[in-house]
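>
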Amino acid sequence: MTFSLVARSADGHLYGVAVASRFLAAGALVPAAEALVGAVATQAHANLAYRAQALALLRTGVTAGDAVAGLVAADPGRDDRQLAVVGATGDGATWTGPRCHPWAGGQAGDGWAAQGNILTGPQVIDALRDAWLARNDLPFPQRMLAALTAGDAAGGDRRGRQSAAILVVQRHGGYAGTGDELVDLRVDDHDDPVAELRRLLGIHHMLFGRPDPATLRDLTGPLAAEVADLLAATGHPVGPAGLDDALAAWTGLENLEERFVPGRIDPIVLEHLRRCAGR
C-alpha cells in the first residue's frame, strides 16, 4: 500500500528515502538511512528488522543486491513483503514478494531503487524512475521529492492518499553539524500528503539550508543601515554590541540561525527580515 524511492547522490555523500502511502505515518515505518552507508525501505507487510539488518550488512561492504537476497532468503514472511536497498556503490536492489497485493513491483539502477504495491499500475514506478533520472539539476532532497510527486501524479496508491515522508542523511549535514539527518520530514495524515511534504521541505530549506557564499552580501554602507532600521522595526534595535549581535539575536528567534554569517547577510534572511518589518 506504498510507493517509495531509495537513492544515493552521484558523489556518494547523500542517501535518502522518499515514500507515500494510503497508510498512517508510513514515514515512521518504511525508511532508514545511514550517512556514507546506504538507505533502506521496507513496505507491504513491512519487516522493521530489515532496516537495521540491511544497514549492518552494507556497513561491512555487502552489496545492495546481496543484502536484499540475504535478508529475503532468511525471512519466512518474504512472500508478503517489499524491500529496497541502495549502498555506497553500484546498483540499488528491490524485492517484491509474490503475495503482495497488485499492482506490485519495482525497478532499480545505478544508485537507486523504486517499488510499490497496491498501486494504480506500473506507470507509477515508471514515473518515479523517469523523474529521478531526469531531475539531476535539483538539490538531492528536492530531486527525491520530484520523483515522489511524479509517482503520485501517475496514480500512486490505488486506495488514495494519507501520508508521505522524506529522509536524507549526510555526514555532519544535520542541525549545526551535530548530526547526519539533513532532512527528516513526515506528513502522517493528510488529504494531499505529497503536496504538504513539498510545503514543509520549502520551509525546511528556508530555515536550515546553508547560505550560499556566492550570494552573501556584506553588511556595510547603505545595506547595513537598512538592516539596522529593519531590526529596529521588528523590536530588535542595534545596541552597544553592534549590528552582528542584534542580527544574531533576531535570526535565533526566527529559527534562522543556520543562515547567520557574521559581517554578512544571506539574501533569504534579508527578505524574511523585510517581510517581518512590513517592508
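If you read the sequence shown in our numbering, its first letter stands for residue 120, the second for the next number, and so on.
No residue lacks a Cβ here, since even glycine has one placed at the ideal position from N, Cα and C.
Assign residue 131 to one of two classes, buried (16 or more other C-beta atoms within 10 Å of its C-beta) or exposed (fewer than that).
In the sequence shown, the residue the question calls residue 131 occupies position 12. Classification for residue 131: exposed.
> Relative to the alpha-carbon of residue 240, which residue among 232, 174, 386, 221 has its alpha-carbon at the smallest distance?
Mapped onto the sequence shown, residue 240 falls at position 121. When only C-alpha atoms are compared, the closest one is 221.
> Going by DSSP in three states, residue 285 sits in which element: helix, strand or coil?
The residue given as residue 285 occupies position 166 in the sequence shown. The answer is strand: DSSP assigns residue 285 an E or B state.
> With a threshold of 16 other CB atoms inside 10 Å of the CB of residue 341, please say whether the residue is buried or exposed.
One-based indexing of the sequence shown puts residue 341 at position 222. By the 10 Å Cβ count, residue 341 comes out exposed.
> Would you mind working out which of 352, 198, 156, 283 sits nearest residue 310, comparing C-alpha positions?
In the sequence shown, counting from the first residue as 1, residue 310 sits at position 191. Looking at the Cα atoms, 283 is the closest of the given residues.
> Between the C-alpha atoms of residue 349 and residue 393, what's the straight-line distance to the nearest angstrom?
Translated into the one-based positions of the sequence shown, residue 349 becomes position 230. Translated into the one-based positions of the sequence shown, residue 393 becomes position 274. Straight-line Cα distance between these residues: approximately 7 Å.
> Around the Cβ of residue 321, are there at least 16 other Cβ atoms within 10 angstroms (buried) or fewer (exposed)?
By 1-based counting over the sequence shown, the position of residue 321 is 202. It counts as exposed.
> Starting from the Cα of residue 277, find the closest Cα among 195, 235, 355, 194 and give me that residue.
Start at 1 with the first residue of the sequence shown, and residue 277 comes out as number 158. Out of 195, 235, 355, 194, 235 has the C-alpha closest to the C-alpha of residue 277.
> Tell me where the alpha helix (DSSP H) around residue 317 begins and ends.
As a first step, residue 317 must be located in the sequence shown, where it is residue number 198. Here the alpha helix (DSSP H) through residue 317 covers 312–327.
> I'd like to confirm the pairing. Which residues does DSSP put opposite residue 233 in its beta bridges?
Walking along the sequence shown from the start, residue 233 turns up at place 114. Answer is 124, 226.
> Who are the near neighbours of residue 203 in its chain, counting only those whose CB is closer than 6 Å to its CB and skipping five residues on each side?
Translated into the one-based positions of the sequence shown, residue 203 becomes position 84. These residues qualify, in order along the chain: 125, 160, 213, 232, 234.
> Thinking just about the alpha-carbon of each residue, which of 243, 262, 165, 177 is nearest to the one in residue 216?
As a first step, residue 216 is located in the sequence shown; it is residue number 97 there, counting from the start. Checked all of 243, 262, 165, 177; the closest Cα to residue 216 is 165.
> Leaving out the 5 sequence neighbours to the left and right, which residues in its chain are closer than 7 Å to residue 376 when beta-carbon positions are compared?
Within the sequence shown, residue 376 is the residue found at index 257, counting from 1. Once the five neighbours on either side are set aside, the close Cβ partners of residue 376 are 370.
> Around the Cβ of residue 294, are there at least 16 other Cβ atoms within 10 angstroms (buried) or fewer (exposed)?
On the sequence shown, position 175 is the one that residue 294 refers to. Under this definition residue 294 is an exposed residue.
> Would you kindly work out how many angstroms separate the C-alpha atoms of residue 199 and residue 158, rounded to a whole number?
Residue mapping note: residue 199 aligns to position 80 of the sequence shown, counting from 1. Residue mapping note: residue 158 aligns to position 39 of the sequence shown, counting from 1. Answer to the nearest angstrom: the Cα atoms are 21 Å apart.
> Name the one or two DSSP bridge partners that residue 244 has.
As a working note, residue 244 is residue 125 in the sequence shown. According to DSSP, which records beta bridges pairwise, residue 244 is partnered with nothing at all.
> Relative to the alpha-carbon of residue 378, which residue among 211, 141, 336, 343 has its alpha-carbon at the smallest distance?
Residue mapping note: residue 378 aligns to position 259 of the sequence shown, counting from 1. Considering only alpha carbons, the answer is 336.
> Could you tell me which of 122, 345, 128 sits nearest to residue 207, measuring between CA atoms?
Along the sequence shown, one-based indexing puts residue 207 at 88. Closest option to residue 207, Cα to Cα, is 128.
> For residue 268, count neighbouring Cβ atoms within 10 angstroms of its own Cβ and tell me buried if that reaches 16, exposed if not.
Indexing the sequence shown from 1 puts residue 268 at position 149. That one is buried.
> Tell me the residue span of the beta strand (DSSP E) that contains residue 157.
Numbered from its first residue, the sequence shown carries residue 157 at position 38. Segment 157–163, the beta strand (DSSP E) holding residue 157.
> Please list the segments of the alpha helix (DSSP H) lying wholly inside the segment 174–209, counting only runs of 4 or more residues, in order along the chain.
183–192
> According to DSSP, is residue 257 helix, strand or coil?
Looking up residue 257 in the sequence shown gives position 138. Coil at residue 257, not helix or strand.
> Please name the residue in 246, 138, 248, 263 whose C-alpha comes closest to that of residue 454.
Examination of residue 454 is not possible in this model, given that the chain is present from 120 through 398 alone.
> Would you please state the rounded distance, in angstroms, between the beta carbons of residue 243 and residue 211? I believe it to be under 8 Å.
Working through the sequence shown from its first residue, we reach residue 243 at position 124. Working through the sequence shown from its first residue, we reach residue 211 at position 92. Not confirmed; about 17 Å, so no contact.
> Suppose contacts are defined by Cβ-Cβ distances below 9 Å. Is residue 271 in contact with residue 306 by that definition?
Residue mapping note: residue 271 aligns to position 152 of the sequence shown, counting from 1. Residue mapping note: residue 306 aligns to position 187 of the sequence shown, counting from 1. Not a contact, by the Cβ cut-off of 9 Å.
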